[in-house]
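Quick notes on the structure that follows.
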Amino acid sequence: MTPRDEGPADNTSPRPLVEFESVGRTFDSDPPVHALVDVDLRIHRAEHVAVTGPSGSGKSTLLGLLGLLDRPTSGEYRFGGVATTRLAERDRAALRAGSFGFVFQAFHLLPYRTIEENVMLAEVYRPKGGTAPPRRTRRARAEEALERVGLGHRRGFRPDRLSGGERQRVAIARALLGDPALLLCDEPTGNLDGENTAVVLDLLDELHGQGLTLLVITHDEAVASRAVRRIRIADGRVLAEAGV
Numbered sequence: 001m002t003p004r005d006e007g008p009a010d011n012t013s014p015r016p017l018v019e020f021e022s023v024g025r026t027f028d029s030d031p032p033v034h035a036l037v038d039v040d041l042r043i044h045r046a047e048h049v050a051v052t053g054p055s056g057s058g059k060s061t062l063l064g065l066l067g068l069l070d071r072p073t074s075g076e077y078r079f080g081g082v083a084t085t086r087l088a089e090r091d092r093a094a095l096r097a098g099s100f101g102f103v104f105q106a107f108h109l110l111p112y113r114t115i116e117e118n119v120m121l122a123e124v125y126r127p128k129g130g131t132a133p134p135r136r137t138r139r140a141r142a143e144e145a146l147e148r149v150g151l152g153h154r155r156g157f158r159p160d161r162l163s164g165g166e167r168q169r170v171a172i173a174r175a176l177l178g179d180p181a182l183l184l185c186d187e188p189t190g191n192l193d194g195e196n197t198a199v200v201l202d203l204l205d206e207l208h209g210q211g212l213t214l215l216v217i218t219h220d221e222a223v224a225s226r227a228v229r230r231i232r233i234a235d236g237r238v239l240a241e242a243g244v
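Residue numbering for the sequence shown follows full-length UniProt numbering, starting at 1 and increasing by one per position.
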């Protein structure tokens, strides 16, 4: 199952890509932890959204729900018009595989594989239609993804020969391999110095300019300032939104 095509990638589209209606997530404990409370959220195609807030505010819980890594305990989440809260786990996994890319603070690259092989593995562990593409096809797609992030000339290198910024660009290439409708980034520059942070942010700006929808969770004002729209969360609630 994949999201329906809802037309042009702009905010005039009648159907947002992401729709949260009174979404909540409560974790069983004593007492219960209300990680998200009555969240209403709309994200349109080709938007670049930053989510900010203090530690423990619910940002990572929000990302987990957006990426179908977790289920809300209340409310409704529609993605591309699909009511995800009503899907069976198999259908949720298929939607996640075909529609989302994930980039985390840690690069999660296998040190004994080349960066090309690291990118190729995305389609082994995240097959569409139940079968991974042939190796030759995966290699060609990995090369294309690495070229897209400016690392095609280093595809035979192992991760330990790359800078932190280059390794994060490899992780972004891996996330792009499935042609995601939404790229979810959790503190993508958290392990980088200033110079490498700038390189990665320039790449995210470039991808957004190509029409990719981005949601970035960050504590860094410099990262948040690159987004077109900002959402602030505290105590599991959306407190404010800014931007178009």
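The beta carbon of each residue, even a glycine, is placed where N, CA and C say it ideally should be.
If you're wondering where the values come from, they're calculated on a predicted model, not measured in any experiment.
* Out of V149, T218 and A181, point me to the one whose CA is closest to L204's CA. => V149
* **Check whether L65 and I43 have beta carbons under 8 Å apart** => no
* Measure from the alpha carbon of E19 to the alpha carbon of each residue in S60, V82 and R169, then state which is nearest. => V82
* **Residue closest to L151, alpha-carbon to alpha-carbon, out of R135, L182, R174 and D28** => R174
* Asked: Taking R71 as the reference, which of R25, F104, A35 and A142 has the closest Cα?
  -> R25
* Asked: So the alpha helix (DSSP H) D91 belongs to, where does it begin and stop?
  -> E89 to S99
* Asked: With a Cβ-Cβ cutoff of 8 Å, do L177 and A145 count as a contact?
  -> yes
* Asked: Can you tell me whether DSSP reads V223 as helix, strand or coil?
  -> helix
* Give the DSSP-derived three-state secondary structure of T218 in the structure shown. => coil
* Asked: What do you reckon, are the CB atoms on T61 and A94 nearer than 8 Å?
  -> no
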